[in-house]
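For the sequence shown, the residue numbers in our numbering are 55 to 315. Read through the structure below, which is laid out as structure tokens, and then see the notes.
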Amino acid sequence: MPESQIVHYKTFDGKTISALMWVPFNLKRDGSNPALVLPHGGPTGQVQDYWSPHVAALVSRGYICIAPNVRGSTGYGIDFQRANYQDLGGGDLQDEVYAAKFLQASGFVGPKKIGITGGSYGGFMTLMAIGKTPDIWAAAVELYGIIDWTTMAQHSDPQLQQYEKSLLGDPVKDKKAYDAASPITYIHSVRAPLLVLQGDNDPRVPKEEATQVVELLKRDGKTVDAHYYPDEGHGFEKRENQIDAIRRTVDWFDTYLKSRP
């Protein structure tokens, strides 16, 4: 597996975004290579340079991968961390979009061969991306992502409710912010084929969030599939399920992204 590279790019408002990037060996700069943007969880977190079997599998299959630390990430000062307040899926999504543009500017990747995948808040970001900026993404895989912040708040434990309020404000008084930040608002604009992976017993993002996504997209006649893992929660703990999720992710992108002209 090639070593990670630390890269930087300017985003829509002039901020500099830092990211980790992996480029498979022996690629030509002819725009023919598939690539993936990997939004991280949190959003209060950051991408760090450690071994990831998920990334290793994708890069070994020929996918260029970029994992940005978008606004809202930790490690870049409190102002940067708070820059996504009441704007989830707004400026931070644009930072992901500009990661895709950075990939195109590298010469390795064409505009029709970029996908997106992530888990938890990264799953939320994946859903927001394909609904709110559908022209950018050719395929997507989301793992246990939030589709509706209002229903999420209703089912969350008190500690998680407080965290959500720190991101979006009060769910009643600030309902417009909750609606604007919810992928369900944009779900009918989705065009990219989507795979959903979800644990049956997720205490943070209930299975109903995933089934709602699948039902809505099927009703619209979109390409969507899902797999639910029994006895798994928020993230997959069993080794066989971790391997299966990676296999399904790679197969999905091989089918709907790598094969595109």
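Glycine residues also receive a C-beta, built at the ideal position from the N, C-alpha and C atoms. This structure is a prediction, so every number in the text was calculated from the model and none was measured.
- In the DSSP assignment, D279 falls within the unbroken beta strand (DSSP E) covering 278 to 283.
- The three-state secondary structure of N295, taken from DSSP, is helix.
- Here the alpha carbons of N138 and P225 stand approximately 16 angstroms from one another.
- Spanning the alpha carbons of D308 and H209 requires a straight line of approximately 36 angstroms.
- Between L74 and S58, the beta carbon gap of about 5 angstroms places them in contact (Cβ cut-off 8 angstroms).
- Residue environment: P212 is assigned as exposed (fewer than 16 neighbouring CB atoms within 10 Å of its CB, all protein chains considered).
- The three-state secondary structure of K82, taken from DSSP, is coil.
- In this structure P237 touches G185 by the C-beta definition: roughly 5 angstroms separates them, less than 8 angstroms.
- Q140 is not a Cβ neighbour of L271, given a cutoff of 8 angstroms.
- Distance from the CA atom of K312 to the CA atom of Q135, rounded to whole angstroms, is 35 angstroms.
- Shortest Cα-Cα distance from E262 to any of G129, I200, A192, P56 involves I200.
- Y63 has its alpha-carbon roughly 7 angstroms from the corresponding atom of F156.
- The Cβ neighbour count for T65, taken over all protein chains shown within 10 Å, is at least 16; the residue is labelled buried.
- Note that the C-beta distance between G116 and P78 is below 8 angstroms.
- Counting C-beta atoms within 10 angstroms of its own C-beta, G177 has 16 or more neighbours from the protein chains shown and is therefore classed as buried.
- Nearest in C-alpha terms to T98, of all of D285, D146, V91, is D146.
- A straight line joining the alpha-carbon of L249 with that of P122 spans about 22 angstroms.
- DSSP lists no beta-bridge partner residue for Q208.
- Buried is the label assigned to M179, since at least 16 other Cβ atoms lie within 10 Å of its Cβ.
- Judged by pairs of C-beta atoms under 8 angstroms, the region 187 to 196 touches the region 230 to 247, as three or more such pairs exist.
- By the criterion of a C-beta distance shorter than 7 angstroms, Y232 is surrounded in its chain by W203, T204, L222, P225, once the five residues flanking it on both sides are discounted.
- Beta-carbon to beta-carbon, N295 and Y283 are separated by about 5 angstroms, close enough to satisfy the 8 angstroms threshold.
- Judged by beta-carbon spacing, K167 lies beyond the 8 angstroms limit of N255, meaning their Cβ atoms are not closer than that value.
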